[in-house]
Amino acid sequence: LRWVFLVSCLAAAVFGVLSREVVLVVFKRGAFRIEDTLQTASALAVFSIGIPFWCAQTIVARGFFAMKDTWTPTLVGTGAWLATIPAYYLLTQRMGVRGLALAGTGGILLYAMVLYGILMAKTVGRKGLSEIREYLKLALAGGGAAWVGSLLLDRLSRYFSWESLPGSLVRLAAGGAGIAAAYYLIGRLLRSGTVRSIRRRGDILRPPRVAGSPGAAAPGAGPPPFTGE
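Heads up: the sequence shown begins at 1247 in my numbering, then just goes up one per residue.
The following block contains the structure:
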């Protein structure tokens, strides 16, 4: 779950800051006008905030499934949906598509947090507080990286316009690299155990074990035995 949250927070920062560029590169063809790009990008920027929670809830729900408990995720999900129905109506009336995206993001945030809290209460109890601190560090790193990325894009606007395909491609490449670098550095400054576990390029594709996390091997221990599963 830590690694999923690490990657998804970075994705949220990238898609949130570079929403216009992403939409233009993918959709700006034919009858899809620049006004459509702006409207779609505004919704994508809000939806991107919920990316870590969409990813996390799929992992957390499997914890309940492993305990043969399918009712808790179902009931919590239904409750979160019912609780956000007024928000869907009010925000859509006031903000249009962006309000719809904001209500959806709030709903998945509520669902993921409640479901995670129940799972921690049923399993590790207060020991799960250290995990929550780690997720907060990753979220803060993502927010800081998004801020750095927005500053970088402001500088790039002098030379490359997002309204053209070549300009958007350059901004995607440079902005994405800048956000990723800022995310890693801020995570290191916040002493995120998940970020600090990345020591070589291969760790990006194959998550290393994080000390203190479930399933982490003891120092000096060899690899776990192969069970054939």
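Built from N, CA and C at the ideal position, the CB exists for glycine as well.
When DSSP labels each residue in this structure, what does residue i get in the three-state scheme?
i: residue 1326; result: helix
i: residue 1315; result: coil
i: residue 1305; result: helix
i: residue 1404; result: coil
i: residue 1259; result: helix
Can you round the beta-carbon distance between residue i and residue j to whole angstroms, since I take them to be within the 8 Å contact cut?
i: residue 1347; j: residue 1297; result: Actually they do not touch by this definition, with Cβ atoms about 12 Å apart.
i: residue 1417; j: residue 1281; result: With a Cβ gap of about 20 Å, residue 1417 and residue 1281 do not count as contacting.
i: residue 1353; j: residue 1255; result: Rounded, the Cβ-Cβ distance is 19 Å, inconsistent with contact.
Would you decide whether residue i is buried or exposed? Buried here means 16 or more other CB atoms lie within 10 Å of its CB.
i: residue 1383; result: buried
i: residue 1310; result: buried
What are the boundary residues of the alpha helix (DSSP H) that includes residue i?
i: residue 1272; result: 1265 to 1273
i: residue 1281; result: 1280 to 1295
i: residue 1430; result: 1411 to 1435
i: residue 1364; result: 1343 to 1368
So, at 7 Å on beta carbons, what are the nonlocal neighbours of residue i in its own chain, with the 5 sequence-adjacent residues on each side left out?
i: residue 1285; result: 1343
i: residue 1262; result: 1291, 1294, 1295, 1392
i: residue 1381; result: 1251
i: residue 1319; result: 1307, 1310, 1361
i: residue 1333; result: 1349, 1352
Can you find a CB in chain C that lies within less than 9 Å of the CB of residue i?
i: residue 1357; result: Here chain C cannot be found, since the structure has a single protein chain.
Considering only residues of the same chain and omitting the five flanking positions on each side of residue i, which have a CB-CB separation below 6 Å?
i: residue 1413; result: 1406, 1407
i: residue 1394; result: 1428
Going by beta carbon distance, what residues of the same chain come within less than 8 Å of residue i, once the five residues before and after it are set aside?
i: residue 1283; result: 1266, 1269, 1270, 1273, 1274
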